[in-house]
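*Asks:* The structure's right below; bear with me while I get my questions together.
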Amino acid sequence: MNRKISEKIRYVGVNDHHKVIFEGMWPLPFGVTYNSYLVVDDKIALIDTAEADFSKEFLSNIRSEIGDRKIDWLVVNHMEPDHSSLMKEIRETYPDIQIVTNAKAVPMINGYYGITDNIRIVKEGDTLDLGGATLRFHMAPMVHWPETMVTYLVEEATLFSGDAFGTFGAVDGEITDSGASLCGWLDKSADCFSEFRDEMTRYYSNIVGKYGQMVQAALKKLSGLEIKRICSTHGPVWEKHVPDVVAYYDRLSRYGAERGVCIAYSTMYGNTAKAAKALAAELSARGVKNVLHNLCTENVSYAYRDVFKYDTIAIGAPTYNNDIFPPAYNFMYGICARLVKDRRFFAFGSYTWAGASVKKLNEMAEGQGFSLVSDGISFPQGYTSAKCDMAAIAELMSR
Ligand code: FEO
């Protein structure tokens, strides 16, 4: 991989093709990158580090770019350990390095790594002169941790954005979006943004999703900056597709969605599953885009992605303990926790002697401000098309 993004910017991050589950929850079918960058001038700044397992490769990447030169500053945009956990190794390798970060990161640096000295605290708009290259710092709190900030290389209109504009997926080929491709996946004739968009949606919905309002505040703050290049901590470096990714993040953080139905169901003996599949078939017959997710067998990561992608949510849950069957309850809880808004909603599910799941799902949906497509379909015992008029529901959803 060519690590030279520009004369002054070098990519020293790593691809992780080994981790199966990110943060203990989210699958990585295409891997992930931990991006880190050097800004090289009279002085050198390293922006963020990488995940702990990649110490040797990370340090080797740095050496291949700057040889025996010392690094003067480690800029910490974000303290989550996938980007900060090689901080101690960096300090051991470059003992004079000064950490540059904001006040909210300081106790985290101590708490995670026991480091308390040689830290420079920066505030909104502060700058660091590397001898021609100027780094300027902008706070972006709660995107998606409180200490989050971004760093702007003034002379190259380049934004080191932390997790913002990031995506799951290891990057094959080049690191910039002119030559990057997602782990050998999808249609190679697709452009880089199209190729990564679903994994970006999944990353955003799984990890950042709750903080749409804060992302909006950060986008507003950054809207006055000329941005020619975005160097995120995950995924390709965006150059050609800067307008696309900024517009897409704006849409995601406004909870904007395209027409379509995310059908997510849970099932104990297959009856609610049959109802879900009947709804999918009726929607398809009417040309309404729909996706089916089995919450009992799939990781919910993909269903969250599609909740952020489509404007209608249909959740199927049997009644269990006079309540919502737990896989569906957990999923609905996650939707509410992510503060998803502006969606149409439909609940369905079977029961044996008393139905409760549909009523309770509707209550959660109304609490979220969703508009109910109908009162839902709560049906006794086995599925039949007579008990579940999914054609009527699909008709309502097609409008
Ligand atoms: Fe990629 Fe919030 O860490």
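In the numbering used here, the protein residues as written are 85 to 483.
Note that beta-carbon positions come from the ideal geometry of N, C-alpha and C, so glycine has one too.
For clarity, every value in this text was computed on a predicted model and none was experimentally measured.
Along the alpha helix (DSSP H) that carries GLY451, what are the first and last residues, could you check?
*Replies:* From DSSP, the alpha helix (DSSP H) with GLY451 extends over 441-451.
*Asks:* Measure the Cβ-Cβ separation of PRO320 and ILE259 and say whether it is below 8 angstroms.
*Replies:* Result yes, Cβ atoms of PRO320 and ILE259 sit closer than 8 angstroms.
*Asks:* Do you know offhand how far HIS325's Cα is from ASN86's?
*Replies:* Whole-angstrom Cα-Cα distance: 19 angstroms.
*Asks:* What residue does the beta strand (DSSP E) around CYS315 start on, and which one ends it?
*Replies:* From DSSP, the beta strand (DSSP E) with CYS315 extends over 313-316.
*Asks:* How is CYS380 classed by DSSP in three states: helix, strand or coil?
*Replies:* Correct three-state label for CYS380: coil.
*Asks:* Could you name each continuous alpha helix (DSSP H) segment of 4 residues or more that falls completely within the region 281-355, going from the start of the chain to the end?
*Replies:* With a minimum length of 4 residues, the continuous alpha helix (DSSP H) runs that stay inside the region 281-355 are 296-306 and 326-337.
*Asks:* Please report the straight-line C-alpha distance between THR290 and ALA331, rounded to a whole angstrom.
*Replies:* The sequence shown places Asn at residue 290, rather than the Thr named in the question. Between ASN290 and ALA331, the C-alpha separation is close to 19 angstroms.
*Asks:* Just to confirm my understanding: we take VAL292, look at its own chain, exclude 5 residues before and 5 after, and list those with CB closer than 6 angstroms. What are they?
*Replies:* Closer than 6 angstroms at Cβ, skipping near neighbours: HIS228.
*Asks:* Would you call ARG343 buried or exposed, if buried means 16 or more other Cβ atoms sit within 10 Å of its Cβ?
*Replies:* Exposed, because fewer than 16 other Cβ atoms sit within 10 Å of the Cβ of ARG343.
*Asks:* Would you report the Cα separation of VAL255 and LEU445, rounded to the nearest angstrom?
*Replies:* For VAL255 and LEU445, the distance between alpha carbons rounds to 39 angstroms.
*Asks:* Any heavy atom of the ligand FEO inside 7 angstroms of the beta-carbon of GLU164?
*Replies:* Under cutoff, so the answer is yes.
*Asks:* Pop quiz: PHE432 and THR356 are said to be a contact at Cβ under 8 angstroms. What is the actual Cβ separation, rounded to whole angstroms?
*Replies:* At roughly 7 angstroms, the Cβ-Cβ gap stays under 8 angstroms, so PHE432 and THR356 are in contact.
*Asks:* Evaluate PRO402 with the Cβ neighbour count: other Cβ atoms within 10 Å of its Cβ, from every protein chain shown; 16 or more gives buried, anything less gives exposed.
*Replies:* Per the 10 Å Cβ criterion, buried.
*Asks:* Starting from the C-beta of SER434, find all residues in its chain whose C-beta is less than 6 angstroms away, skip the five residues before and the five after it, and write them out in chain order.
*Replies:* The residues are ASN355, THR356, PRO402 and PHE463.
*Asks:* Report the residue from ASN145, ALA301, MET109 and LEU237 whose alpha carbon sits nearest the alpha carbon of VAL159.
*Replies:* Comparing Cα-Cα distances from VAL159 to each of ASN145, ALA301, MET109 and LEU237, the minimum goes to LEU237.
*Asks:* Going by DSSP, name the residue or residues bridged to MET223.
*Replies:* According to DSSP, which records beta bridges pairwise, MET223 is partnered with MET233.
*Asks:* Throw me the rounded Cβ distance for the ALA412 and GLY400 pair, which I believe falls under 8 angstroms.
*Replies:* Right, the Cβ-Cβ distance comes to about 7 angstroms (below 8 angstroms), so this counts as a contact.
*Asks:* Let me confirm a value: ARG147 is counted as buried when at least 16 other C-beta atoms fall within 10 Å, else exposed. Which label applies?
*Replies:* Per the 10 Å Cβ criterion, exposed.
*Asks:* Closest to LYS172 by C-alpha separation, out of ASP201, ASN186, ASP152 and ARG153, would be which residue?
*Replies:* Answer by Cα proximity: ASP201.
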